[in-house]
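1342 is the number that my numbering gives the last residue of the sequence shown; the numbers go up by one with no jumps.
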Amino acid sequence: MDVFRVTGNGPLNGEIEVGGAKNAALPLLAATLLTEETVTLRNVPDLSDIRFMVEIMRHVGAVVENPEPGTWQVTAKQLTHIAPYELVRKMRASVCLLGPLVGRLRKAEVSIPGGCVIGPRPIDLHLKGLSKLNCSVSVDRGYVNVDASKMEGGPVFLGGRSGSTVTGTANIVMAAVLAPGTTRIECAACEPEVVDLCNLLVQMGAKIAGIGSPELTITGVDKLFGCTHSVIADRIEAGTFIAAAAITRGDVTVKGIAPNLLGAFLDKLEEAGLPMEVRDDQIRVLPYLGSLKPVDIITLPYPGFPTDLQAQMCALMAVTEGISIITERIYPNRFMHVPELQRMGADIAIEGPSAIVKGPCKFSGAPVMASDLRASAALILAGMAAKGETWIQRIYHLDRGYERFEHKLAGIGGKIERLSDKEMPKELWAE
Ligand code: EPU
């Protein structure tokens, strides 16, 4: 297995380009199953999660080609309705095949994805939404079975305990675009990735009003068509680079990202006193003297502060003088990075769904273990700000969602190497 060796190397400097968004590309790929015609997606990041998705799409019968890097062409003439456990368990997001299979085939049998280290990730809202579209939904031996032979549009309220659901909204929209009648989704997720999905569906011939708002009105059509669409930029990757620049006091321009996609995140960094120059499609982080200021954060659905930038912000606030309180409202247990940051010297206490971060700490390199995608990123950021070497194990989590991460960071002066665990000194191994 691969590991990273990260060596603190002073401020990052230079320009870095943001790639296509993983969390947009996955439902966009699923949406291509809604037509028999060829859909071409461009700016698709090269990630293991994308390859899992392609594998499962091929399994259900789609012909998926990759004519050039970043471009995927899908032709789904004939599909089967079964997505088995051995494929779905590899990636939770494959549950977003449910909507397209229901829309296209009027039936689906999709394995329920297993647990996840960031906390319980139920799909009750997806199932409730399908029931509201007059589908018959049952759960049997770990599979969701949907009979959508009588599917029709209707009112669907998709809010849950934590507010809206991103993949749940995607699933219901993808089923509803081919359902007779009108569907009105209330409490729809407003994430830019859901907007990107709706934009693709409209290009394919769907009728959706209210895109980007919590109320979507969908008028079902008989058929959808092929088209070409480019995946939006990855706001979480951009935010991670911005945090990397800030934690190393670097001078970094993050290019290819519309700043309005990062509103709540940039607002907090501004409150912390991070000097930035924000332009139409790029954000430049400037070096600063002294310390940033601590901030209090609550993660919320978009346009609130994204949970997917919470771990990176924890690392940044750990080196910031004062007390920050970071409250996780989407996944209250998503603090697996905290014990590892503590091993590197951070002073962080967990109180219920909040991390109380007391800074400033001086990170020192240590062997640490990545537990999920964003936790991996936070450990790399801490490693770049640390004195000495940080060895990070289980970096396959990072490869799920960050494209060429170490190359991109190396391009702006980060000292980060991908090595085989055989090259890691034995005494540093966690297991
Ligand atoms: N929820 C329910 N019932 C449901 C669905 C969700 O109670 O039926 C709850 C969840 O437990 C959670 C909240 O609603 O508390 C939000 O979950 P959501 O469904 O919005 O999450 P998701 O669609 O499964 C996507 C991203 C996650 C990101 C979340 C929140 C993809 C593939 N994944 O997950 O991304 O954290 O939205 O923004 O789009 C990541 O990239 O690292 C990642 C975990």
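Glycine residues also receive a C-beta, built at the ideal position from the N, C-alpha and C atoms.
Given residue i as reference, the closest of the options once Cα atoms are compared
i	options	result
S1287	K1273, V950, G1263 and R1245	R1245
A973	N954, A994 and S1049	A994
K1179	L1227, Q1114, L1252 and D1162	L1227
V1067	I1034, K1043, A1059 and K1134	K1043
K1319	P1271, V1165 and L1008	V1165
E1188	D1162, V1132, M1295 and T1210	D1162
G1276	A1297, A1260 and L1284	A1297
I1122	L998, T1080, E1317 and A987	T1080
V1268	G930, Q1193, H1248 and V1055	H1248
K988	G1053, Y996 and R969	R969
G1030	R1003, R1052 and G1040	R1003
A1183	G1201, D960 and A1120	G1201
T1130	R1146, S1265, E1063 and V1006	E1063
I927	A1154, G1070 and A942	A1154
D1219	S1005, P1186, G1263 and D1283	D1283
A1321	L1252, R1052 and A1156	A1156
K1204	G1215, P1186 and D1107	P1186
P1250	A1293, A1117, E948 and D1107	A1293
Q1253	A1117, V1279 and G1215	V1279
Contacts around residue i, its chain only, beta-carbon distance under 8 Å, and the 5 residues preceding and following it disregarded
i	result
L990	L944, V971, G972, A973, L1012, R1015 and L1016
D1207	S1235, I1236, I1237 and T1238
Q1221	I1208, T1210, I1237, E1239, R1245 and R1285
V1050	I1023, L1038 and N1056
L1330	D913, V914, F915 and R916
E1317	F915, G1325, I1327, E1328 and R1329
D1332	M912, D913, V914, Q1304 and W1340
L1112	A942, L945, V1084, M1085, V1088, I1119 and L1135
Integer Cβ distance of residue i from residue j, believed to fall under 8 Å
i	j	result
H1308	A1281	5 Å
A1144	A932	6 Å
L1127	I1096	4 Å
T1139	T946	Not a contact, Cβ separation roughly 13 Å.
I1291	N924	So it is not a contact: roughly 17 Å between Cβ atoms.
P1217	F1176	7 Å
N1045	K1061	5 Å
T1094	A1100	Not a contact, Cβ separation roughly 15 Å.
Q1193	I1158	The Cβ separation is near 19 Å, so there is no contact.
L1036	V1048	Their Cβ separation, rounded to whole angstroms, is 12 Å, which puts L1036 and V1048 out of contact at 8 Å.
C1109	V1084	6 Å
G1270	T1231	4 Å
I1259	C1225	7 Å
L1173	R1190	With 8 Å as the limit, L1173 and R1190 do not qualify as a contact, their Cβ atoms being about 13 Å apart.
P980	D960	Rounded, the Cβ-Cβ distance is 16 Å, inconsistent with contact.
Neighbourhood of residue i by C-beta, 6 Å cutoff - its chain only, sequence neighbours within 5 removed
i	result
S1141	R953 and N954
M964	L937 and L940
E1102	V1077 and Y1213
A1019	H992, L1009, L1012, V1013 and V1057
W983	L952, V955 and N977
Y1054	E1020 and S1022
T899	Because the chain in this structure spans residues 912 to 1342, residue 899 falls outside the shown range and cannot be described.
K1326	T918 and N920
V985	T943, V950, A973 and V975
A1149	V929, V1165 and I1168
Proximal residues to residue i (C-beta, below 7 Å), its chain only, five neighbours per side dropped
i	result
R1160	P922, P1198 and Y1199
R1072	none
A1256	It should be pointed out that residue 1256 corresponds to Gly in this sequence rather than to Ala. Closer than 7 Å at the Cβ level, and outside the excluded window around G1256, lie C1272, K1273, F1274 and S1275.
R1032	R1003
K1001	F963
Q1114	C1138 and H1140
M1335	V914 and W1302
E1007	In the sequence as displayed, the identity of residue 1007 is Cys instead of Glu. Within the same chain, C1007 has close Cβ partners L937, P938, A941, T1078, A1081 and N1082.
E966	L998
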